[in-house]
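**Student:** Sharing a structure below in structure tokens format, with a few things to ask.
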Ligand SMILES: Nc1ncnc2c1ncn2[C@@H]1O[C@H](COP(=O)(O)OP(=O)(O)OP(=O)(O)O)[C@@H](O)[C@H]1O
Ligand SMILES: [Mg+2]
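This is the structure we're talking about:
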């Protein structure tokens, strides 16, 4: 199979009638890791949710394709089957559904009818991946994310990703709330999946993660657009100089948030 080819062109997204994404462009191919950084509230998670097909996010313009197929025409399930995966910034708790069952259903949906994994094979694979991510075996039977600590939820998102083997993986702040050991485990989980068959979009606030997962491209997002792209040194420059430096350089004014007189 050809390597993944993921394109976002001039994407515009509204939430409750307000434009959040204002013409966003991205091109990610298999084998590449792209990082997006940017201040709070600039629309990074909005991009992730809109691409995944969250109904709250209204796409008002532009396109998103995976391997030439129009993602925006697809249901959430179809997007997952096409190989799009999102590790959420705030993974939802789903009481009553065990982690193993959730992952098994997602995996079978991804593999398609007739290609489902036999139960025993599935559980063997799950246990192997859990071990690699230092996740306690008992987490297989716990309800999805219920009572998981912040870091446990993040590791569990990586578990789902490594089971599903997506073609394009979007990881939204996968490093937030991780202790130092967990950060390395999560980074190893990502690095072990790295190949021509997968492209990554990693949303993060911290250069620290990018020491462990080396990005090929770094993009800075501000006010609903990518305002600068570069290589890994851009993240270092940002860390050293802060966003105000880039805003001044680009002549971007702060949006007034807030209180009317
Ligand atoms: N469901 C929603 N309802 C109303 N406003 C929303 C909703 N989701 C996002 N927004 C608004 O859209 C803007 C972009 O939010 P988003 O979560 O995409 O930012 P972000 O770049 O991911 O920020 P952070 O770095 O803090 O995670 C914010 O102003 C936010 O308040
Ligand atoms: Mg966010």
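In the working numbering, the protein residues as written are 32 to 292.
Cβ coordinates follow ideal geometry from the N, Cα and C atoms, glycine included.
What do you reckon, is the C-beta of residue 162 under 6 Å from a heavy atom of ligand 2?
**Tutor:** The residue labelled residue 162 in the question sits at position 131 within the chain shown. For ligand 2, not one heavy atom lies less than 6 Å from the Cβ of residue 162.
**Student:** Could you check where the alpha helix (DSSP H) with residue 202 kicks off and where it finishes?
**Tutor:** On the chain shown, residue 202 is found 171 positions in, with the first residue counted as 1. Element bounds for residue 202: not the alpha helix (DSSP H) but the beta strand (DSSP E), 199-203.
**Student:** Residues bridged to residue 130 by DSSP?
**Tutor:** Position 99 of the chain shown, counting from 1, holds the residue named residue 130. DSSP, once it has assigned bridges, lists no residue as partnering residue 130.
**Student:** Once the 5 residues before and after residue 142 are set aside, which same chain residues still bring their CB inside 8 Å of it?
**Tutor:** For the purposes of this step, residue 142 is taken as the residue at position 111 of the chain shown. These residues qualify, in order along the chain: 148.
**Student:** Going by beta carbon distance, what residues of the same chain come within less than 8 Å of residue 94, once the five residues before and after it are set aside?
**Tutor:** Here residue 94 refers to the residue found at position 63 when the chain shown is read from its first residue. Only 38, 39, 40, 41, 42, 101 and 103 meet the Cβ criterion.
**Student:** Does the segment 194-208 come into contact with the segment 118-134, if we say contact requires no fewer than three beta-carbon pairs (one atom in each stretch) closer than 8 Å?
**Tutor:** Yes, the segment 194-208 touches the segment 118-134.
**Student:** Regarding residue 73 and ligand 1, is the C-beta to nearest heavy atom distance less than 6 Å?
**Tutor:** If you number the chain shown from 1, residue 73 lands on position 42. Within the cutoff, so yes.
**Student:** Check whether the Cβ atoms of residue 257 and residue 230 sit closer than 7 Å, and answer yes or no.
**Tutor:** Residue numbering aside, residue 257 sits at position 226 when the chain shown is read from its first letter. Residue numbering aside, residue 230 sits at position 199 when the chain shown is read from its first letter. Not closer than 7 Å, so no.
**Student:** So for residue 56, helix, strand or coil by DSSP?
**Tutor:** Position 25 of the chain shown, counting from 1, holds the residue named residue 56. Of the three classes helix, strand and coil, the one that applies to residue 56 here is strand, per DSSP.
**Student:** For residue 247, write down the residues that DSSP places opposite it in a beta bridge.
**Tutor:** Here residue 247 refers to the residue found at position 216 of the chain shown. For residue 247, which the question treats as bridged, DSSP gives no partner whatsoever.
**Student:** Hey, would you say the C-beta of residue 77 is under 6 Å away from at least one heavy atom of ligand 1?
**Tutor:** Here residue 77 corresponds to residue number 46 of the chain shown, with the count starting at 1. Checking every heavy atom of ligand 1 against the Cβ of residue 77, one is found closer than 6 Å.
**Student:** Give me the Cα-Cα distance between residue 48 and residue 113, rounded to the nearest whole angstrom.
**Tutor:** In the chain shown, residue 48 corresponds to position 17, counting from 1. In the chain shown, residue 113 corresponds to position 82, counting from 1. Residue 48 and residue 113: Cα-Cα distance of roughly 29 Å.
**Student:** Keeping to the same chain, check which residues put their C-beta closer than 7 Å to that of residue 34; ignore five residues upstream and five downstream.
**Tutor:** Position 3 of the chain shown holds residue 34. Around residue 34: 60, 61, 62, 227 and 228.
**Student:** Have a look at 64, 88 and 133 and flag the residue whose alpha-carbon is nearest the alpha-carbon of residue 52.
**Tutor:** Position 21 of the chain shown, counting from 1, holds the residue named residue 52. Closest option to residue 52, Cα to Cα, is 88.
**Student:** Tell me residue 66's beta-bridge partners as DSSP assigns them.
**Tutor:** For this step, residue 66 is matched to residue 35 along the chain shown. DSSP lists 233 and 249 as partners of residue 66.
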